[in-house]
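Reviewing the structure listed below.
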Amino acid sequence: MKCKMLPVTLASLLFAGIGSAVADSHGMTAMQLAEEKKCTACHAVNESDGMSVVPAFKSIAQRYPMEEFDRLVQVVLTGGQDHWGHTEMPDMGVRSDVSPADAEKLVNWILEMDE
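Taking this note's numbering, the leading residue of the sequence shown gets 1017, the next gets one more, and so forth.
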């Protein structure tokens, strides 16, 4: 009986690990978070997805190294302009509120796209 339980137990642990890598404790992936926080209203994942006014997430990842993480988190939190051309990223009053933890998760996800 123990021999039959081991594969089931291992499979359960494997799938639990995969799920935790993709989603946080609330079950939300970074992509779902980007959609919920309205990031995807202006930003696409790839340039080929049709956005031309603002950079796609993958373009941001190609432009900025991980060393820019803290600065990019601040850009997500405060908005502003002149980060990429002259298009202004709206302040929080215009877009959905993003917590510092959400901003860190989003920036990490974006920057990892270049790896």
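All C-beta atoms, glycine included, are put in the ideal place defined by N, C-alpha and C.
| Asked | Found |
| --- | --- |
| Residues near V1092 by beta carbon distance below 7 Å, same chain, minus five either side | V1114, A1119, L1122 and V1123 |
| Among V1070, P1116, E1051 and P1081, the one whose alpha carbon lies nearest that of M1105 | V1070 |
| Between the CA atoms of G1095 and F1073 - distance to the nearest angstrom | 16 Å |
| M1044 - DSSP class collapsed to helix/strand/coil | coil |
| When D1065, M1044, V1061 and Q1048 are compared against M1129, the one with the closest alpha-carbon | V1061 |
| Through-space distance from C1058 to T1103, alpha-carbon basis | 11 Å |
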